[in-house]
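Using the numbering used here, the letters of the sequence shown map in sequence onto residues 713 to 806.
Idealized CB from N, CA, C, for every residue including glycine.
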Amino acid sequence: MASNEPPSWAEIYGEGGIGDRDAAAPKKEAKMEKKKSSLNSNSSNALANVKSMAYTGFTKAKVVAVLGAQKVKSGSMTGIKWVKEKYQKKGGAK
Numbered sequence: 713m714a715s716n717e718p719p720s721w722a723e724i725y726g727e728g729g730i731g732d733r734d735a736a737a738p739k740k741e742a743k744m745e746k747k748k749s750s751l752n753s754n755s756s757n758a759l760a761n762v763k764s765m766a767y768t769g770f771t772k773a774k775v776v777a778v779l780g781a782q783k784v785k786s787g788s789m790t791g792i793k794w795v796k797e798k799y800q801k802k803g804g805a806k
């Protein structure tokens with residue numbers, strides 16, 4: 713800021729008022745570091761929880777998919793047998 717310019721809005725209405733912006737910087741950095749460290753520990757715990765839940769969900773989805781595939785296979789085999797029986801009955805009547 714030049715000497716003939718008025719103070720900016722941020723300088724007047726910042727944390728502590730005029731000129732306190734530089735004095736508050738170390739306090740802000742300390743707060744941010746403390747917050748980051750707590751976030752890192754919380755986020756690592758949260759990440760572990762999310763991974764375990766995702767793995768559980770994946771396992772359940774895999775089981776459902778396998779059971780669904782078995783049902784489709786069973787239904788297809790039953791349908792094919794039915795068609796064969798109907799065709800053979802018709803063909804044998806000639």
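Going by DSSP, E723 is part of the alpha helix (DSSP H) stretching over 721-725.
Residues of the same chain with a CB within less than 7 Å of the CB of E745, apart from the 5 flanking positions on each side, do not exist.
Taken through DSSP and simplified to helix, strand or coil, N716 comes out as coil. Exclusion of the five residues before and after K783 leaves no residue of its chain whose Cβ lies closer than 8 Å to its Cβ.
Excluding residues up to 5 positions away in sequence, nothing lies with its Cβ nearer than 8 Å to the Cβ of W794 in the same chain.
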